[in-house]
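Using our numbering, read the sequence shown as starting at 6 and increasing by one per residue.
Ideal Cβ positions, reconstructed from N, Cα and C, are used throughout, including at glycine.
No experiment lies behind these values; they were computed from the predicted model shown.
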Amino acid sequence: MSELRHDPVQKRWVIIAVERGRRPSDFKKQEITTRQVKTCPFCYGNEDRTPPEIFAIRPDDSKPNKPGWKLRVIPNKFPALKVEGGLNRRGLGLYDLMDGVGAHEVIIETPDHNAHLGEMKVEDVFNIVKVYRDRIADLYKDHRLRYALIFKNYGETAGASLAHPHSQLIATPITPRTVAAELDSAREHFIQKERCLFCDIINQEVAMGERVVLMDDKYIAICPFASRFPFEIWLLPRRHQYDFSLLCDDDLTALADTLKKVLHKLRIALEDPPYNFVLHTAPNYNVRRPGRPNYWETLPYDWHWHIEIIPRLTKIAGFEWGTGFYINPTPPELAAEFLRSANEE
Ligand SMILES: [Zn+2]
Ligand SMILES: [Zn+2]
């Protein structure tokens, strides 16, 4: 069982994976990208090398945990958090900790070992974002879980340990600090102005135009005004929507199309860079918080879900760790212009 330990200085929670017990020698550099289809646990024929599937899109005549699937969701073989048990909140002297309760799932996006999200068919990307929606909705029925983060690590420098296309979901019993900071800003903005911060950002970016990467009926991709990283992109619904798990299939089809286009542009403009993306949806507002009856009361008005995409072109070094500042060598206006002109086909 891993533990969630609270750092009283930084006021953040850290997952300490007690049982993994990595020794210094386990951290030597390992090559992943050359791994062959034969040994890849996410390829057809190797289903028995993963934990049994939680969900799969497969023809009616195919059997669970056998080939034939189009997409699989499995528990992570080495989960950071586990679903079983209670939180067991406790103190240890001045410290706070709880058991590592949560969920850690892997979404195997396609049977094609060499596929790229930016090159896949829209209907296949639709299946992926649909599964994001459905897994979040399912996990939010569990009132121990306060947040579900969907994320993707693409490429070794972005943290992917397997080359086969996959994304992950980690649901935590606390709202992560980074998300909480965004939620707080959005709520403060709303309380002051009775407007959604993200809707305001979208309106301003549409009016100015210079940081817009692409825009269609339903979605907009921008390089944010204070981009932390070169070619950082935010993808947002143009209409106010706070909860990703409430999206209808039409919205998801349009999202699949836009997400694919944005990733395709990145791939062309930057020659297939490693990247991460994260989906910042609403926290689990079904959770009742004794003593806080107004918990997330304004959320439907002040929160606006979005996807943050970060190509991993620069390294986070001492200054960034020491200050929380970022030095971004590429102005977002330049990045957006470059991405706009990146050929779509
Ligand atoms: Zn594979
Ligand atoms: Zn909004």
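Shortest Cα-Cα distance from Leu318 to any of Pro278, Glu302, Glu325 and Phe330 involves Pro278. Rounded to whole angstroms, the separation of the alpha carbons of Ile141 and Ala186 is 21 Å. An exposed status is given to Glu89, since fewer than 16 other beta-carbon atoms sit within 10 Å of its beta-carbon.
The continuous alpha helix (DSSP H) containing Ile273 extends over residues Asp254 to Ala274.
In the DSSP assignment, Pro242 forms a beta bridge with Tyr224. Arg216 sits close to Ala341, with the two beta carbons spaced by under 8 Å. When secondary structure is reduced to three states using DSSP, Lys135 falls in the helix class. The count of Cβ pairs closer than 8 Å, one atom from the segment 201–210 and one from the segment 42–60, stays below three, leaving the stretches out of contact. Phe156: member of the beta strand (DSSP E) spanning Tyr152 to Tyr159, first to last residue. Within the same chain, Cβ atoms closer than 8 Å to the Cβ of Tyr300 are found at Tyr290, Val292, Arg293 and Arg294, the five residues on either side in sequence being excluded.
Cβ neighbours of Asn93 within its own chain (closer than 7 Å, five residues either side excluded): Met103 and Asp104. Phe83 and Arg233 have their C-alpha atoms roughly 30 Å apart.
Here His285 has Val184, Glu187, Trp310, His311 and Glu313 as same chain residues with Cβ atoms under 7 Å from its own Cβ, once five neighbours each way along the sequence are excluded. The residues Tyr49, Gly50, Glu52 and Pro116, in chain order, have a CB closer than 8 Å to that of Pro72 in the same chain once the five nearest residues on each side in sequence are set aside. Residue burial is scored here from C-beta neighbours: Thr263 has at least 16 other C-beta atoms within 10 angstroms and is therefore classed as buried.
Those residues that bring their Cβ nearer than 7 Å to a heavy atom of ligand 2 are Cys201, Phe203, Cys204, His245 and His309.
The continuous stretches of alpha helix (DSSP H) do not include Gly50, and DSSP gives it neither H nor E. Non-local C-beta neighbours of Val127 in its own chain, meaning closer than 6 Å and more than five positions away in sequence, comprise Ala261 and Asp262, ordered along the chain. The shortest CA-to-CA distance from Gly91 to any of Glu8, Ser250 and Val283 is the one to Glu8. Burial is judged here by how many other beta carbons sit within 10 angstroms of a residue's own beta carbon; Gly107 has at least 16 and is buried. Within the model, the alpha-carbon separation for Arg182 versus Asp66 is close to 45 Å.
Secondary structure of Ala185 (DSSP, three-state): helix.
Here DSSP, grouped into helix, strand and coil, assigns Val111 to strand.
According to the DSSP assignment, Ile207 belongs to the alpha helix (DSSP H) that extends over Leu202 to Met213. In terms of Cβ geometry, Phe249 and Pro337 do not form a close pair [threshold 8 Å]. Residue state for Pro57 is assigned as coil, using DSSP reduced to three classes.
The DSSP-derived three-state label of Thr177 is strand.
Sixteen is the threshold: when 16 or more other Cβ atoms of the shown chains lie within 10 Å of the Cβ of Lys157, as they do, the residue is buried. Set against 7 Å, the gap from the CB of His171 to the closest heavy atom of ligand 1 is not smaller. Annotated three-state conformation of Lys198 is helix, per DSSP.
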